Amino acid sequence: MSLLPPLDDAALSPDARAVFADIRATRSTDYVNDFWRVLANDPPTLARTWAAVKEVMAPGALDPLVKELVYVAVSVTNNCEYFIHTHTASARAKGMTEAQFRELMVQRFFDPKALREYIGNPLLTDSEFINFDARYAW
């Protein structure tokens with residue numbers, strides 16, 4: 069849960085509204101997710117963050133899909149569920165295949181709740197094994 073509320077379009081300042089217009093135009097969508105809506109509480113931070121993202125994702129030596137795959141891998145490593153979903157959706161929109169996704173998700177991670185190291189996708193739940201010890205005495 070964020071400390072600041074996500075702002076709807078009616079609550080945006082003129083500066084934040086301009087950044088949202090650029091997000092929508094750049095991404096060819098009307099949807100602006102809650103990450104940006106929370107940042108809209110501080111329009112200079114919103115503008116600075118959006119400018120940085122645009123610079124990173126601008127055409128360059130790396131294909132946009134490769135950049136999203138890196139974002140997914142880092143998000144999984146950091147166990148940031150929000151960004152795992154966001155960047156996975158973005159990578160799929162840029163052409164990530166299921167085979168690429170499965171290969172990307174084969175990595176080690178440590179679950180501090182279970183005190184176990186896993187290999188694979190942390191969003192997949194571990195199977196539960198229940199051992200019943202049934203004995204009968206004559």
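In this text, residue positions in the sequence shown follow the working numbering: the first is 69, and each later residue adds one.
The beta-carbon is built from N, C-alpha and C at its ideal position, and this holds for glycine as well.
Remember, it's a predicted structure, so these values are computed and weren't measured experimentally.
Residue i classed as buried or exposed, judged by whether at least 16 other C-beta atoms fall within 10 angstroms
i, result
"tyrosine 139", "buried"
"threonine 156", "buried"
"alanine 120", "exposed"
"phenylalanine 178", "exposed"
"glutamate 166", "exposed"
"valine 142", "exposed"
"alanine 84", "buried"
"valine 144", "buried"
Residue i, DSSP secondary structure in three states
i, result
"aspartate 179", "strand"
From the options, residue whose alpha carbon lies closest to that of residue i
i, options, result
"asparagine 101", "Val174, Ser158, Ala126", "Ser158"
"leucine 72", "Trp104, Arg85, Ala89, Asp90", "Trp104"
"glycine 163", "Asp131, Lys122, Val142, Ala141", "Asp131"
"valine 106", "Thr117, Asp98, Arg160", "Thr117"
"glutamine 168", "Thr145, Glu149, Arg184, Leu137", "Leu137"
"threonine 94", "Lys122, Val144, Pro74", "Lys122"
Backbone CA spacing between residue i and residue j [nearest angstrom]
i, j, result
"methionine 173", "asparagine 147", "12 angstroms"
"leucine 80", "proline 111", "9 angstroms"
"alanine 86", "leucine 114", "10 angstroms"
"arginine 92", "valine 134", "22 angstroms"
"arginine 160", "alanine 108", "26 angstroms"
"tyrosine 99", "aspartate 76", "11 angstroms"
"leucine 183", "tyrosine 150", "23 angstroms"
"proline 82", "threonine 97", "20 angstroms"
*What are the uninterrupted segments assigned as alpha helix (DSSP H) that are 4 or more residues long and contained completely in the segment 144 to 170, given in chain order?*
149 to 161
*What alpha helix (DSSP H) runs, 4 residues minimum, are completely inside the segment 75 to 103?*
82 to 95
*Taking the runs of the alpha helix (DSSP H) that are 4 residues or longer, which of them lie wholly in the segment 101 to 147?*
102 to 107, 111 to 125, 132 to 145
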